[in-house]
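In the UniProt record's numbering, the protein residues as written are 1 to 479.
Following: one structure in structure tokens, then a few remarks.
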């Protein structure tokens with residue numbers, strides 16, 4: 001069972017993580033991607049350059065055909081990316097003189113040293129011949145220095161330096177040589193046999209009579225193992241370096257092995273901003289001061305026009321928003337008003353006992369009578385019937401006194417009452433003639449089959465003989 005972590009260990013680990021995050025955020029980061037169709041070999045060169053820029057680069061960055069430069073700029077801000085390395089290709093060549101891939105460089109070496117641990121830390125940048133006069137040369141040197149993290153020589157750990165990037169400027173051809181090396185440190189001042197023993201490689205000593213012969217002459221060492229060191233690569237180590245025999249204040253030799261890629265670059269143009277600023281330097285086109293002034297004036301006018309369009313667009317957007325809000329308020333107000341009207345028209349259940357229910361208009365009864373041609377049934381428009389009944393019975397009720405010798409339904413000669421609109425009991429239908437009596441009595445007997453149709457389709461009564469009751473009119477046939 002392992003020991004539990006103490007508070008000091010946890011605190012130190014938290015502080016170390018915090019320092020690592022601050023350090024990672026302060027160093028420069030880069031994007032390496034192509035623009036347009038570049039081909040298979042240039043695509044492999046992009047992967048090799050990403051390998052050089054590790055660990056502070058996007059290893060698996062995907063660039064699609066429809067991506068524009070603004071897309072990468074928008075993503076670069078949140079990720080802390082400071083530099084873009086863009087590879088493009090023209091009809092004649094790419095934006096460099098010549099290049100060689102990693103696989104091409106490694107295939108020319110007898111032995112190469114390249115492993116994954118070398119890429120856990122950033123490489124050491126070495127600039128050569130960048131002290132010449134010229135603004136463009138100083139800008140190039142500054143750009144290359146800012147692409148890699150800076151090194152504090154008093155605090156740096158030598159064990160973190162495993163690779164080296166060399167940039168050499170040639171003033172005569174104005175070209176830059178790009179090289180990438182793997183770094184190795186070996187002790188010096190001892191025989192090849194002792195180095196062999198320190199590397200835990202035991203040689204064949206069957207031909208030696210004494211151990212001193214091994215230390216003085218060596219034991220069947222090949223020429224590749226006995227590399228020649230000199231003053232050009234021998235130095236005194238200030239710290240203990242990884243590897244047997246690399247002690248502080250001891251002489252050691254620094255050996256470089258190229259691991260690729262190789263590139264020969266040439267400066268063409270320096271421009272401010274992201275491809276839209278002023279041209280500070282051009283190796284092919286030279287312009288006078290007057291031409292530069294005209295270019296600046298046109299650019300300022302273009303910027304002013306662009307700013308004016310932007311302000312006009314913002315004003316249009318604000319006006320549309322204001323109109324939309326006003327229309328929304330009117331719509332809400334109208335909807336609220338319609339809801340209030342609907343609520344006022346709805347019958348209140350609590351008022352059914354005191355107030356009459358909503359009734360249909362008499363116009364509906366009249367419309368039905370004109371459209372269909374017959375009187376509506378009693379239960380078809382009950383509201384209209386109740387309304388008529390309430391209007392009719394609003395006055396004081398009077399009882400009618402019927403005489404003994406007269407029928408109940410006989411017409412009163414004294415007063416003629418107007419009938420309300422709508423269907424009432426005993427009302428006539430369309431196509432019928434008016435009947436003066438609801439019930440007919442002849443000689444004290446009911447005659448049911450005395451109605452007959454006339455040739456014209458009208459109803460009437462035909463009676464021969466005795467006198468009829470009061471109010472009865474005898475119809476005579478027309479000749």
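Beta carbons are placed, not taken as given, at the ideal position from N, Cα and C, and that holds for glycine.
In its chain, beyond the 5 residues on either side, 277, 278, 279, 280 have a beta carbon closer than 8 Å to the beta carbon of residue 271. Across the structure, residue 145 and residue 293 are spaced so that their CA atoms are roughly 32 Å apart. Proximity to residue 238 across 249, 245, 232, 231 peaks at 249, based on C-alpha coordinates.
The Cβ neighbour count for residue 274, taken over all protein chains shown within 10 Å, is under 16; the residue is labelled exposed. Where residue 254 is concerned, the enclosing beta strand (DSSP E) starts and stops at 251–258.
The beta carbon of residue 74 sits closer than 8 Å to no other beta carbon from its chain once the five residues preceding and following it are set aside. Straight-line measurement puts the Cα of residue 16 at about 16 Å from the Cα of residue 6.
One alpha carbon belongs to residue 371, the other to residue 380, and they sit about 15 Å apart.
Between residue 139 and the set 26, 71, 317, 268, the nearest pair of CA atoms involves 268.
When the beta-carbon positions are compared, residue 81 and residue 31 come within less than 7 Å of each other. In the structure shown, residue 208 adopts coil according to DSSP, grouped into three states.
A residue is called buried when at least 16 other Cβ atoms come within 10 angstroms of its Cβ; residue 261 meets this threshold and is buried.
For residue 236, the secondary structure class from DSSP, reduced to helix, strand or coil, is strand.
Secondary structure of residue 121 (DSSP, three-state): coil. Membership of residue 168 in the beta strand (DSSP E) is indicated by the continuous run 163–170. Counted as a single uninterrupted DSSP element, the alpha helix (DSSP H) harbouring residue 78 occupies residues 69–79. Excluding residues up to 5 positions away in sequence, 253 lie with their Cβ nearer than 6 Å to the Cβ of residue 186 in the same chain. For the 7 Å CB-CB criterion, residue 161 and residue 124 form a contact. The beta carbon of residue 58 is closer than 7 Å to those of 31 in its chain, skipping five residues each way along the sequence. A straight line joining the alpha-carbon of residue 296 with that of residue 284 spans about 20 Å. The residue among 112, 143, 11, 341 with its C-alpha nearest the C-alpha of residue 257 is 112.
For residue 180, the number of other beta carbons within 10 angstroms of its own is at least 16, and it is reported as buried. In this structure, residue 118 sits near residue 163, with a CB-CB distance shorter than 7 Å.
Taking 8 Å as the upper bound for CB-CB distance, residue 236 and residue 251 are in contact here, some 6 Å apart. Counting along the chain, the unbroken alpha helix (DSSP H) around residue 50 starts and ends at 40–52. For residue 137, the uninterrupted alpha helix (DSSP H) segment begins and ends at 135–147. Around the Cβ of residue 259, a 10 Å sphere holds 16 or more other Cβ atoms; the residue is buried. Inclusion of residue 264 and residue 103 in the CB contact set at 7 Å is not warranted, their separation being larger than that value. Between residue 114 and residue 60, the C-beta gap is not smaller than 7 Å, which leaves the two residues out of contact.
In chain order, 185, 186, 187, 237, 240, 252 place their CB closer than 8 Å to the CB of residue 246, counting only its own chain and leaving out the 5 sequence neighbours on each side.
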